[in-house]
Each structure stands twice: as structure tokens, then as C-alpha cells.
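Colleague: The structure is given below, and queries will be raised subsequently.
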Amino acid sequence: SAASVAERCLEILSRPITIAGREITSHASIGIAIYPDDGEDSVALIKAADTAMYEAKKTGKKQYAFYKTAMTDAARHRLTIENDLRIALKEEQFVLHYQPKISLSTGNLKSVEALIRWNHPENNLLSPDSFIPDAERIGLITELGQWVVKEACAQIKRWKSLGLADIPIAVNISPEHFGKTNFARDIAKIVHESQVSPSLIEIEITEGTSRDQQVFLKTCQELRDLGFRTAIDDFGTGYSSLSVLKGVSVDVLKIDREFIRHLPNDSQSSILIGTMLGMSKALGLEVVAEGVETEEQLKILIAMGCHMAQGYYFSKPVPAVDIPALTKCSFRRPASRADQVA
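Residues in the sequence shown are numbered from 160 upward in steps of one, following the working numbering.
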């Protein structure tokens, strides 16, 4: 049957191969179309199989899928998103919002994290979850990431022109973009042309970015050599939490909000956070707690010696125009409703 043939193909294609002494593992996704139900000629059948293949990819690695009529609607939607994304980049429909990162020793805004939004002409402001996967799928994620870095540099200069001190900005980089050859030098070129110090740009990467450890270590070291700061985002959620730190040149660990969310009622979360803080101190790393939403969580983190925090307790991500006012706020004490940005 077609299914058994597909399973056999997937098994063969997933076998490791050795190239220049290095073992490489690849995975395949297979779409299946049946004649004459799914098409009466080769063009129609290949198109249907291609549509099914995309559905297989969405379910994970080493999967196959049979074509279904409903997939055509999904394919049309994908094409619409693809076209809209290309237009959005060309017409600069994207904007950055900024979430403050607060120093827990001073209570002041120390830096911000840039979070991309799509100012869609028909669907209003879209969060990254609704379009980043599509940008990765169609190969636009590198161009989008470069735009984020360029816009962050421009915003640093805009704030400085208002008389503010330099505000460092952290930018999120996708694993696909980070893994590109010459990633570090390409980013350095953008920052240099923007006439901004690389020390004001922090590159945030998730644990999953370290799948190719050699590339990961090399790129992190290149970024440090070029003057950038690097941060491991969502730390503690992946299988490689400890191994990712071995020999890597990073400056910051960001404790995932999942650990913070359970404070103060979950003793295991408290123990794990304490362990991460102790380990980070021994390694000379700065720690940022993500997703702080309550006064009680803030008090616990301060008592544990956490360096920085961000979350809705302080402020949600806001447009750049709102940041100057937040630089004048003190968040060390429990914030009143008036102090928070709604």
C-alpha cells in the first residue's frame, strides 16, 4: 500500500550518513495523492501530494499524510499569508513593541526586549505567534530578523535624541536565522552601519538553537568577540539546559515564565529557581526572570537574589513612545495600579 511504501521511505531517509567524517541525520515528510480520486493527470496529482506534504510537516518529523480536499483551503490560506508577509516586509507593516526589564537592585528600567508585531491592514495588530512560523516556513525569517535588528538600532538613536541615556535592546533571533553562515558578521554589519554600539544589542536565543552544538558555540563566541551580549531565553524548558552552558559564551540566562508562574505555592519551582540562580552566580551570568505578574513573585525573586525581571507586573510590551515615561518609574517597591502600564 501507499502507506507502507511511505513508511519504508521515511525509515531509509532517516538513516544517518557520514560526510567528511561527520555523521549527519536528515528527516523527510511525504505527501500522498491517489489517482484518480485526487487528480486525473500528473500536474494535479503532484500539486495534491505537495499540499499533503505540507500537512505532514506540520505534524512533526518523519511523517506522511494523504491528500484531503480540505487541505486545499489550507493551502490557499498559506499562499495568502505568504503574499501578505512579502508585502508587509516591502511596505514596512511591522512594528516593534518593547517590554521593560527591571533591575531588582535599583528598581529602575535597565533595558528592554523588542517584540515584533504585524500592523496588518485588515487584521489589526498581530502577535508573532500568528506569523513567525509562516515566515520561517517560506524563508523570510532571516530578512525579518535583520529588519528587527535594524529597527532596534534606529530606536536606540531615537530615544537618545530625546535626551535619554542609552537603552539596551534585546532582540529575539530564530534558530533558522542564528544557524546561517556568517550570522554574527551580518548582524555586526547592520549595527555598524546604524552607528550604534554592539554592546547595546543583546541577542536572545532559545535552548533549541543549540541543536548543532559546534555552530552554536562558534556563533556565540563570534558575537561576544564583536561586542554583543547574548542571552539564553526560556532557560530550563529544554532537554539541554545544562549541556547548553558547557563552553558557551553567553551573558544572560532568562528563567522561563513557567517556573515563575507557580510561585509562591510550588516548592519545587522555588528549588529549581534557586538552583538556576546559584549555578548562574557560579558561572558569572546575569539572570532575568520572565513572566512576573504578582507582588509575591517579585518579593521571592528579590529575596533569592535574582538580578532582573520582566512581566505584566511591571509593564506589558508597549510602543516605543511609552518607554521614556517608564524610565522615570521606580519599580523596586510594590507597584500601584497607577504605576503599571495597562
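Ideal Cβ positions, reconstructed from N, Cα and C, are used throughout, including at glycine. Everything numeric in this text was worked out from a predicted model, so none of it was measured.
Beta-carbon within less than 8 Å of residue 390's beta-carbon, same chain only, minus the 5 sequence neighbours each way: which residues are those?
Modeller: The residue you call residue 390 lines up with position 231 of the sequence shown. Counting only Cβ-Cβ distances below 8 Å, and skipping sequence neighbours, we find 329, 361, 362, 363, 364, 409, 410, 411, 412, 413, 447.
Colleague: Any chance you could list the alpha helix (DSSP H) runs of at least 4 consecutive residues sitting entirely within the region 294-370, in chain order?
Modeller: If we require 4 residues or more, the alpha helix (DSSP H) runs fully inside the region 294-370 come out as 300-320, 334-337, 342-352.
Colleague: If you drop the 5 nearest sequence neighbours on each side, which residues of the same chain put their C-beta closer than 6 Å to that of residue 332?
Modeller: Mapped onto the sequence shown, residue 332 falls at position 173. Counting only Cβ-Cβ distances below 6 Å, and skipping sequence neighbours, we find 304, 362, 364.
Colleague: In angstroms, rounded to a whole number, what distance separates the CA positions of residue 237 and residue 222?
Modeller: Position 78 of the sequence shown, counting from 1, holds the residue named residue 237. Position 63 of the sequence shown, counting from 1, holds the residue named residue 222. Whole-angstrom Cα-Cα distance: 20 Å.
Colleague: Who does residue 271 pair with in a DSSP beta bridge?
Modeller: Locating residue 271 in the sequence shown gives position 112, counting from the first residue. Bridge partners of residue 271: 259, 328.
Colleague: Figure out for me which residue from 326, 309, 302 has the closest Cα to the Cα of residue 335.
Modeller: In the sequence shown, counting from the first residue as 1, residue 335 sits at position 176. When each option's Cα is compared against that of residue 335, the closest is 302.
Colleague: Can you find at least 3 beta carbon pairs, one from the region 173-193 and one from the region 208-221, that sit closer than 8 Å?
Modeller: yes
Colleague: In chain order, what residues of the same chain lie with their CB nearer than 7 Å to the CB of residue 207, ignoring the 5 residues before and after it?
Modeller: Here residue 207 is taken as the residue at index 48 of the sequence shown, counted from 1. Residues of the same chain with a CB within less than 7 Å of the CB of residue 207, apart from the 5 flanking positions on each side, are 192, 197, 198, 226 in chain order.
Colleague: If you compare alpha carbons, which of 256, 320, 228 is closest to residue 307?
Modeller: Residue mapping note: residue 307 aligns to position 148 of the sequence shown, counting from 1. With distances taken between Cα atoms, residue 307 lies closest to 256.
Colleague: Throw me the rounded Cβ distance for the residue 268 and residue 486 pair, which I believe falls under 8 Å.
Modeller: For the purposes of this step, residue 268 is identified with residue 109 of the sequence shown, where counting begins at 1. For the purposes of this step, residue 486 is identified with residue 327 of the sequence shown, where counting begins at 1. With a contact defined as Cβ atoms closer than 8 Å, residue 268 and residue 486 qualify at about 5 Å.
Colleague: Evaluate residue 259 with the Cβ neighbour count: other Cβ atoms within 10 Å of its Cβ, from every protein chain shown; 16 or more gives buried, anything less gives exposed.
Modeller: Here residue 259 refers to the residue found at position 100 of the sequence shown. Buried, since its Cβ has 16 or more Cβ neighbours within 10 Å.
Colleague: What are the boundary residues of the alpha helix (DSSP H) that includes residue 383?
Modeller: Residue mapping note: residue 383 aligns to position 224 of the sequence shown, counting from 1. First-last of the alpha helix (DSSP H) with residue 383: 372-384.
Colleague: Along the alpha helix (DSSP H) that carries residue 434, what are the first and last residues, could you check?
Modeller: For the purposes of this step, residue 434 is taken as residue 275 along the sequence shown, with counting starting at 1. Looking at the DSSP string, the run of the alpha helix (DSSP H) that includes residue 434 is 426-442.
Colleague: Considering Cα atoms alone, identify which of 478, 349, 463, 387 is closest to residue 440.
Modeller: Start at 1 with the first residue of the sequence shown, and residue 440 comes out as number 281. Closest option to residue 440, Cα to Cα, is 463.
Colleague: Just to confirm my understanding: we take residue 356, look at its own chain, exclude 5 residues before and 5 after, and list those with CB closer than 6 Å. What are they?
Modeller: For the purposes of this step, residue 356 is taken as the residue at position 197 of the sequence shown. Hits under 6 Å: none found.
Colleague: Which residue spans inside the region 188-239 form an unbroken beta strand (DSSP E) run of at least 3?
Modeller: 188-191, 222-225
Colleague: Evaluate residue 194 with the Cβ neighbour count: other Cβ atoms within 10 Å of its Cβ, from every protein chain shown; 16 or more gives buried, anything less gives exposed.
Modeller: Here residue 194 refers to the residue found at position 35 when the sequence shown is read from its first residue. So residue 194 ends up on the exposed side.
Colleague: Ignore the nearest five residues each way along the sequence and tell me which others in residue 300's own chain have a CB closer than 6 Å to its CB.
Modeller: Looking up residue 300 in the sequence shown gives position 141. 294, 333, 335, 336, listed in sequence order.
Colleague: State the start and end residues of the unbroken beta strand (DSSP E) segment that holds residue 479.
Modeller: As a position in the sequence shown, residue 479 is number 320, starting the count at 1. Segment: none, residue 479 is in no beta strand (DSSP E) and carries neither H nor E.
Colleague: Please determine, among 170, 165, 261, 184, the residue with the shortest C-alpha to C-alpha distance to residue 472.
Modeller: Residue 472 sits at position 313 when you count from the first residue of the sequence shown. That would be 261, whose Cα lies nearest to the Cα of residue 472.
Colleague: Which of the three DSSP states is assigned to residue 179 in this structure?
Modeller: Within the sequence shown, numbered from 1, the residue matching residue 179 stands at position 20. DSSP places residue 179 in coil when its eight states are reduced to three.
Colleague: Given this structure, state the Cα-to-Cα distance separating residue 350 from residue 359, to the nearest angstrom.
Modeller: Taking the first residue of the sequence shown as 1, we reach residue 350 at position 191. Taking the first residue of the sequence shown as 1, we reach residue 359 at position 200. Those two C-alpha atoms are separated by around 10 Å.
Colleague: What whole-angstrom Cβ distance do residue 483 and residue 318 have, given they're in contact under 8 Å?
Modeller: In the sequence shown, residue 483 corresponds to position 324, counting from 1. In the sequence shown, residue 318 corresponds to position 159, counting from 1. Confirmed, about 7 Å.
Colleague: Should residue 469 be labelled buried (16 or more other beta-carbon atoms within 10 Å of its own) or exposed?
Modeller: What you label residue 469 is simply residue 310 of the sequence shown in a count that begins at 1. By the 10 Å Cβ count, residue 469 comes out buried.
Colleague: From the DSSP secondary-structure annotation, give me the bridge partner or partners of residue 467.
Modeller: If you number the sequence shown from 1, residue 467 lands on position 308. Partner(s): 262, 447.
Colleague: Could you spell out where the beta strand (DSSP E) holding residue 407 opens and where it closes?
Modeller: Indexing the sequence shown from 1 puts residue 407 at position 248. It is not in any beta strand (DSSP E) - residue 407 carries neither H nor E in the DSSP assignment.
Colleague: The beta strand (DSSP E) that contains residue 388, what's its start and end?
Modeller: As a first step, residue 388 is located in the sequence shown; it is residue number 229 there, counting from the start. Where residue 388 is concerned, the enclosing beta strand (DSSP E) stretches over 388-394.
Colleague: With a Cβ-Cβ cutoff of 8 Å, do residue 162 and residue 314 count as a contact?
Modeller: On the sequence shown, residue 162 is found 3 positions in, with the first residue counted as 1. On the sequence shown, residue 314 is found 155 positions in, with the first residue counted as 1. No, they are not a contact pair.
Colleague: Can you tell me which of 168, 461, 385 puts its alpha carbon nearest to the alpha carbon of residue 432?
Modeller: Start at 1 with the first residue of the sequence shown, and residue 432 comes out as number 273. The option with the nearest alpha carbon to residue 432 is 461.
Colleague: Between residue 250 and the rest of its own chain, which residues show a CB-CB distance below 7 Å, the 5 nearest in sequence each way excluded?
Modeller: Taking the sequence shown and counting its residues from 1, one reaches residue 250 at position 91. Excluding positions up to five away in sequence, the list is empty.
Colleague: With which residues is residue 254 paired in a DSSP beta bridge?
Modeller: Along the sequence shown, one-based indexing puts residue 254 at 95. For residue 254, which the question treats as bridged, DSSP gives the partners 276.
Colleague: How long is the line joining the alpha carbons of residue 170 and residue 353, rounded to whole angstroms?
Modeller: On the sequence shown, position 11 is the one that residue 170 refers to. On the sequence shown, position 194 is the one that residue 353 refers to. Their Cα atoms are separated by approximately 49 Å.
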